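Quick note on our numbering: the sequence shown kicks off at 129 and runs consecutively. Where a beta carbon is used, it is the ideal one built from N, C-alpha and C, also for glycine. Everything numeric in this text was worked out from a predicted model, so none of it was measured.
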Amino acid sequence: MHGWVIPTQVSIPPQRKPFLVVHGNVMYDLYYQSNADTPYLEKDLYQHTLQTYLDITVKDQYPLRVAFSTQQGNSSLFRNITGMNLQYTNRDFKNALLQKAQKWDAGQLQQWGELDTIKKRIADKVNEINRLKDWSVGPSRIQQLVEARERELYGRAKDSLHGKLPSDSLQPGKADTALQRIKDGYTENAKRIDSLQQQLAKWQQLYREKQQLFATRRQQLTDVLINSRNNRELANNLEALNLPDTILPKGYRTLLAVRSVGVGRTMVDYSELTAKNISITGFQAEYNPSYYVAVATGAVDYRFRDFVVNDNRISQYLNMVRVGTGMKEGNNIILSFYTGKKQVYNFNTDSSNTTKPDYHIMGLALEGRWQLNKDHYMTGEVAKSSMPYYMRSTHDQGAGNSMLSFNDHSNEAFAVTANSFIPVTGTRLSAMYKRMGANFQSFSLYSTGASQTGWLLKADQPFFKQQLMITASLRQNVYTSILDNASYRSSTVFKSVQATFRRRRWPVVSVGYFPSSQLMKLGEGKFIENLFYTMVGTASYFYEYRGISMNTIFSGTRFYNHQTDSSFVYFNSTNLMLNHTVFLGKFTVNGSLSSATNQDYALYGADGNLQYRITSWLEVGGGIKYNYQTQYNLQQTGYTANARVNVPKVGEIALMADKGFVPGVNRQLVANKTGRLTYTKIF
Numbered sequence: 129m130h131g132w133v134i135p136t137q138v139s140i141p142p143q144r145k146p147f148l149v150v151h152g153n154v155m156y157d158l159y160y161q162s163n164a165d166t167p168y169l170e171k172d173l174y175q176h177t178l179q180t181y182l183d184i185t186v187k188d189q190y191p192l193r194v195a196f197s198t199q200q201g202n203s204s205l206f207r208n209i210t211g212m213n214l215q216y217t218n219r220d221f222k223n224a225l226l227q228k229a230q231k232w233d234a235g236q237l238q239q240w241g242e243l244d245t246i247k248k249r250i251a252d253k254v255n256e257i258n259r260l261k262d263w264s265v266g267p268s269r270i271q272q273l274v275e276a277r278e279r280e281l282y283g284r285a286k287d288s289l290h291g292k293l294p295s296d297s298l299q300p301g302k303a304d305t306a307l308q309r310i311k312d313g314y315t316e317n318a319k320r321i322d323s324l325q326q327q328l329a330k331w332q333q334l335y336r337e338k339q340q341l342f343a344t345r346r347q348q349l350t351d352v353l354i355n356s357r358n359n360r361e362l363a364n365n366l367e368a369l370n371l372p373d374t375i376l377p378k379g380y381r382t383l384l385a386v387r388s389v390g391v392g393r394t395m396v397d398y399s400e401l402t403a404k405n406i407s408i409t410g411f412q413a414e415y416n417p418s419y420y421v422a423v424a425t426g427a428v429d430y431r432f433r434d435f436v437v438n439d440n441r442i443s444q445y446l447n448m449v450r451v452g453t454g455m456k457e458g459n460n461i462i463l464s465f466y467t468g469k470k471q472v473y474n475f476n477t478d479s480s481n482t483t484k485p486d487y488h489i490m491g492l493a494l495e496g497r498w499q500l501n502k503d504h505y506m507t508g509e510v511a512k513s514s515m516p517y518y519m520r521s522t523h524d525q526g527a528g529n530s531m532l533s534f535n536d537h538s539n540e541a542f543a544v545t546a547n548s549f550i551p552v553t554g555t556r557l558s559a560m561y562k563r564m565g566a567n568f569q570s571f572s573l574y575s576t577g578a579s580q581t582g583w584l585l586k587a588d589q590p591f592f593k594q595q596l597m598i599t600a601s602l603r604q605n606v607y608t609s610i611l612d613n614a615s616y617r618s619s620t621v622f623k624s625v626q627a628t629f630r631r632r633r634w635p636v637v638s639v640g641y642f643p644s645s646q647l648m649k650l651g652e653g654k655f656i657e658n659l660f661y662t663m664v665g666t667a668s669y670f671y672e673y674r675g676i677s678m679n680t681i682f683s684g685t686r687f688y689n690h691q692t693d694s695s696f697v698y699f700n701s702t703n704l705m706l707n708h709t710v711f712l713g714k715f716t717v718n719g720s721l722s723s724a725t726n727q728d729y730a731l732y733g734a735d736g737n738l739q740y741r742i743t744s745w746l747e748v749g750g751g752i753k754y755n756y757q758t759q760y761n762l763q764q765t766g767y768t769a770n771a772r773v774n775v776p777k778v779g780e781i782a783l784m785a786d787k788g789f790v791p792g793v794n795r796q797l798v799a800n801k802t803g804r805l806t807y808t809k810i811f
């Protein structure tokens with residue numbers, strides 16, 4: 129019998145990796161709206177949007193992301209924006225490591241998958257021996273054994289009659305060998321059975337060990353890549369796993385230490401008092417092996433929430449350098465220097481002044497983070513900036529001299545934040561307090577001209593084994609919009625609370641009470657944002673009835689504003705909506721009822737639509753809408769229609785047309801037609 133040799137590893141030929149692997153998508157969207165749903169009038173609006181995202185992997189090791197987007201339209205409110213970005217982040221690199229590590233261990237298991245093949249082969253041999261056993265005890269085999277025995281006895285008896293000794297009949301070649309051959313077959317088969325059973329037991333044990341090793345290693349890789357607190361700890365843990373070079377490329381420590389690198393339109397989000405949520409067109413990078421270095425330079429494209437400001441906009445740019453020691457997610461101290469040009473919005477700026485203002489600013493900030501333990505940490509930051517141009521002209525100072533003047537504290541600021549997690553109760557707490565002098569300037573601050581104090585308290589508390597989550601916050605003068613009057617110091621404390629209940633097979637219920645805002649245009653280049661409270665409640669339930677899937681949603685909204693706060697019909701109103709959806713194979717049926725009421729009027733609505741998925745690549749749908757307004761006894765009917773077609777190797781094309789109604793003058797609703805054409809290709 130040939131012996132079985134257990135291989136320690138099965139060789140798999142290496143696969144050639146392409147230099148570049150590109151995946152991504154491209155999307156074009158054309159949107160039309162006949163009337164804008166805003167407190168001021170705009171008609172026949174068009175918005176063209178083209179964007180693409182490319183995920184590029186170089187040499188199967190280095191992930192990059194390219195993004196391009198452009199928005200062009202005829203609205204006087206929204207600017208046309210075009211931007212492109214090439215970015216590397218260690219987050220993408222870690223995700224690539226995780227995927228490759230899992231594939232590599234899967235390859236290792238595939239190599240040992242030969243065990244499974246051979247184990248089956250041995251099992252086939254055992255089945256063969258079992259068949260031999262069955263055959264050996266079968267009637268035909270027993271008959272052969274009896275006949276062979278009889279022939280042997282007959283031969284001995286015959287030899288006795290001729291005077292031969294019994295021993296002569298046992299000499300080689302003299303006796304009938306049939307019985308002996310059968311006995312030898314039994315012996316050989318028994319040996320083969322024993323040998324194969326032993327082999328099988330060894331293979332099974334080895335296979336179980338390799339399976340356990342694979343599961344353990346995969347879990348270790350997942351834990352290391354997901355739970356490491358920072359890139360330095362991650363690099364050390366990966367090194368301890370002794371992974372091959374195909375998983376950990378040369379310079380992986382450096383690549384993990386590079387938090388991000390961006391060229392083109394990129395985001396600068398550094399600290400509360402320097403630059404926070406600023407979009408620039410330029411360059412940005414963060415590097416944090418054990419020390420910290422960050423640089424950013426570029427033209428300020430727009431700041432969040434001020435993209436509506438079109439008038440009298442100047443060219444603004446930002447230059448910033450940050451150096452420090454420690455890990456960003458742990459204890460650290462970071463010194464920042466920023467300079468550039470930033471437009472000032474406040475009552476001291478005089479548009480009639482013919483002298484061109486000097487909008488240059490610069491500043492220094494020192495920031496520290498204290499990680500008390502894994503669940504609690506604090507940050508603190510102090511900063512001093514140059515004076516605004518109108519103050520520098522008064523004292524005949526340059527930007528640098530005013531920044532380094534320590535006799536005046538009006539251009540100073542500080543901020544403190546604290547975050548805490550209590551594992552016993554699952555409570556998350558966060559707090560922030562900041563104070564900025566009247567002449568302090570930074571790219572995080574929208575305006576100057578008045579000292580500003582803001583604070584925030586927030587808590588997240590789960591109940592009933594994470595089934596109920598309550599989030600509550602208090603804030604005062606956080607100043608997150610340029611539309612806020614910088615010279616106005618409000619004592620109003622804004623309150624927010626939200627509760628969400630989730631339990632298996634129960635409806636999901638959410639109730640919230642929080643401030644809302646409405647943007648209004650007062651005149652050419654003048655906007656105002658009114659704040660008021662809103663209470664929102666929603667209940668959603670997905671269920672089956674007699675084998676049919678359904679989803680029901682009930683929502684209610686209460687606006688706590690007045691007509692003076694809002695120029696359109698939905699002031700101080702209570703809105704209710706009930707929506708029901710039925711899934712019937714290729715058909716989806718949807719219907720809803722709604723009402724909006726206040727002290728002056730009531731508006732009732734109903735609509736229904738049907739979606740039909742004809743094939744996997746074609747879907748159409750349509751519906752009707754009905755409105756009834758009691759104020760003027762108006763009845764209005766609208767419609768909606770849509771289609772989606774997926775063309776192989778071309779992409780998906782979606783069309784939508786809708787006739788609805790938006791608030792108009794004299795508390796009436798006017799017809800509003802919208803249309804959309806969208807093309808999407810994923811590759």
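Within the region 514-554, the runs of beta strand (DSSP E) at least 3 residues long that lie entirely inside it are, in chain order, 540-550. Classified as buried, F571 has 16 or more neighbouring CB atoms from the shown chains inside 10 Å of its CB. Within the same chain, and ignoring the five residues on either side of V710 in sequence, the residues whose Cβ sits closer than 7 Å to its Cβ are I676, M678, V717. When C-beta atoms of the region 222-229 are compared with those of the region 203-214, fewer than three pairs fall below 8 Å, so the two segments do not count as touching. Going by beta carbons, P516 and N567 fall inside the 9 Å limit. Sequence-distant partners of V773 (beyond 5 residues in either direction) whose C-beta falls short of 6 Å from its own C-beta, in its chain, are L746, I781.
When C-alpha distances from Y160 are compared across H708, R144, K801, K809, the shortest belongs to K801. Under the criterion of beta carbons closer than 8 Å, G779 and K809 qualify as touching, at roughly 3 Å. Given a length threshold of 3 residues, each whole run of the beta strand (DSSP E) inside the region 736-782 is given here in chain order: 746-757, 762-775. Ranked by how close their Cα comes to the Cα of M155, the residues Y174, Q604, L182 have L182 in first place. Non-local C-beta neighbours of N755 in its own chain, meaning closer than 8 Å and more than five positions away in sequence, comprise L731, Y732, G733, L762, Q763, Q764, T765, G766, F789, L797, ordered along the chain. By the neighbour-count definition (other C-beta atoms within 10 Å, threshold 16), T315 is an exposed residue. Less than 9 Å separates the beta-carbon of S558 from that of A546. The alpha carbon of L585 has as its nearest neighbour, out of V639, F622, V552, the alpha carbon of F622. Rounded to whole angstroms, the separation of the alpha carbons of L362 and S356 is 5 Å.
Around the beta carbon of L383, 16 or more other beta carbons sit within 10 angstroms, so the residue counts as buried. The C-beta separation of G454 from M490 comes to about 25 Å, leaving the pair out of contact by the 8 Å criterion. The Cβ-Cβ distance between Y216 and V389 falls below 9 Å.
The bridge partners DSSP lists for F591 are L596. If you look at R381, you'll find it isn't in any beta strand (DSSP E); it sits in the alpha helix (DSSP H) that goes 380-385.
With a contact defined as Cβ atoms closer than 8 Å, N539 and Q499 miss out at about 31 Å. A direct Cα-Cα distance of roughly 11 Å separates S701 from M663. In the DSSP assignment, E367 falls within the unbroken alpha helix (DSSP H) covering 359-368. Boundaries cannot be given for E400, as no beta strand (DSSP E) includes it and DSSP labels it neither H nor E. S744 is classed as exposed because its beta carbon has fewer than 16 other beta carbons within 10 Å across all chains shown.
CA-to-CA, the gap between F147 and K714 works out to about 43 Å.
Between S197 and Q179 the beta-carbon gap is near 4 Å, inside 8 Å, which marks them as a contact. For V352, DSSP assigns no beta-bridge partner whatsoever.
The Cβ atoms of Y420 and R450 lie closer than 9 Å to each other.
Shown here for M212: same chain residues with a beta carbon closer than 6 Å to its own, the five before and five after excluded, namely F196, G392 in chain order. Looking from the CA of A587, the closest CA among F629, M597, A771 belongs to M597. Boundaries of the beta strand (DSSP E) harbouring P191: 190-201, taken from the DSSP string. Boundaries of the beta strand (DSSP E) around K623: 622-629.
Closest by C-alpha distance to G736, out of Y669, G751, I742, T725, is G751. According to the DSSP assignment, V186 belongs to the beta strand (DSSP E) that extends over 171-186.
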